[in-house]
Amino acid sequence: MKVVNASPKVGSEVTIDRDDFLSGKYAREIQELLVERSALVFPGMHLDDEEQVQFAQTIGEVFLVGGDKQLQNISMDPEINPVADYTRGAFFWHIDGANDPIPAKATMLSVRNMPDEGSGDTLVANTYAAYADLPEVEKRKLEGIRVRHALEASQRMVNPMPTVAELERWQSYPSQSHPLVWHHRHGRPSLVLGATCFHVEDMPLDEGNMLLCRLQEYATQDEYVYRHTWRAGDFLLFDNTGTMHRAGQYAMNSKRLMRRTTLVGEEPVTAAEAVPT
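Just so you know, the sequence shown maps onto residues -2 to 274 in our numbering.
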């Protein structure tokens, strides 16, 4: 297994024997590298659906979409993706499942139809590294702050004037209160940000919004972001718990099609005082 880092703080290209990749021979090393580098691209893999699931099962439990599907189409074409309207939220920085009690562990994408040239990249921001680089006084200020996450928050970015029926549907999904700083079991804290942030709890709305905007702008600076421009056969894996991600803009009628597999989350978003010892 050969690893070449894309930048000092985020993203690596991994070259690996196909049989070793699918068998899980390097599953432990890949998981450790994922925590360290946040995003891993495996070029030229050309995985089919069965192979994508086979690899996913070497590093975690596959999340079943709709209760029975191991893969999901990511496309803006409603004939291919029945939740295409919801998918438009992918253009904004987010964490998969941030409005769930336990967010997804990792997300993986393989390209089926290439996006138009110059569009449809995938961007991953390393919020482990962003937190680590904060001044110590800033880190202390962030401890104890909690943020309410809700589907409504991300959907309002796409549709700021919903119908009553749309609003009722969004609000039917439970919101979640998470600490702003996630203290992971492996010891690396990360920032929990993104489009699902509804409001900072116990803080005036304007002040809380300014804090979230400032931190997100900071955490998505170029030095913390890996931008993947898709090539035929690419397979991208990213840690969902210490990152945010988004899609680069592309046309609604684009033929861009990804197949996504998500791993079930393994730990709740935990504040410092609740980390198991």
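Where a beta carbon is used, it is the ideal one built from N, C-alpha and C, also for glycine.
Where does residue i land, buried or exposed, given buried means 16+ other C-beta within 10 angstroms?
i	result
P176	buried
D65	exposed
D219	exposed
E29	exposed
E149	buried
C194	buried
L260	buried
S174	exposed
A126	buried
S20	exposed
L234	buried
Comparing alpha-carbon positions, which option in the options lies nearest residue i?
i	options	result
D74	G94, V50, P112	P112
G86	G191, A122, E135	G191
E26	M(-2), Q51, L44, A53	M(-2)
S122	V11, V59, A216	First, the residue type needs correcting, since residue 122 is Ala and not Ser in the sequence shown. Nearest C-alpha to A122: A216.
S172	N156, V155, H181, S151	S151
H43	R253, V266, A229	A229
A95	L188, E114, M158	L188
P5	F18, Y221, H242	Y221
R253	L61, S72, M158, A3	S72
H180	P265, F18, P79	P265
A147	N78, F18, H91, M158	H91
Between the alpha carbons of residue i and residue j, how many angstroms are there, rounded?
i	j	result
T274	T160	Any reading at T274 is ruled out, since the residue's pLDDT is 48, under 50, leaving its predicted position unreliable.
V7	V1	11 Å
M249	V134	44 Å
V178	T104	21 Å
L202	T124	23 Å
Q213	T226	22 Å
T119	R224	6 Å
Q246	R166	26 Å
E263	P186	16 Å
L208	Q54	38 Å
R256	Y128	31 Å
P132	L139	11 Å
W117	V155	With the sequence shown as reference, residue 117 is identified as Gly, and Trp is not the correct amino acid for it. Using only the alpha carbons, I get a separation of about 17 Å.
P40	A162	43 Å
D231	M200	43 Å
G141	I13	42 Å
A269	H242	24 Å
F52	S251	28 Å
P63	Y170	A quick correction: the sequence has Gly, not Pro, at residue 63. C-alpha separation (whole angstroms): 15 Å.
F60	T258	7 Å
F18	C210	39 Å
E58	N70	19 Å
R182	K22	24 Å
Does the distance from the CB of residue i to the CB of residue j come in under 7 Å?
i	j	result
E198	R143	yes
D93	N237	yes
L68	D97	no
Q49	S107	yes
F89	A244	no
V38	E10	yes
S35	T240	yes
A24	I56	yes
H196	G184	no
May I ask you to check if the CB of residue i is nearer than 6 Å to at least one heavy atom of the ligand ATP?
i	result
H146	Among the ligands in the structure shown, none appear at all, so the ligand ATP cannot be discussed.
With a floor of 4 residues, list each alpha helix (DSSP H) that falls wholly inside the region 127 to 165, ordered by position along the chain. 133 to 139, 148 to 155
Whole runs of the alpha helix (DSSP H) within the region 44 to 120, excluding any shorter than 4 residues: 46 to 56, 81 to 84
Along the chain, which unbroken stretches of the beta strand (DSSP E) at least 3 residues long are found entirely within the region 208 to 247? 222 to 225, 232 to 236, 240 to 244
As an exercise, report each continuous alpha helix (DSSP H) stretch of at least 4 residues that is fully enclosed by the region 18 to 48, in chain order. 24 to 34
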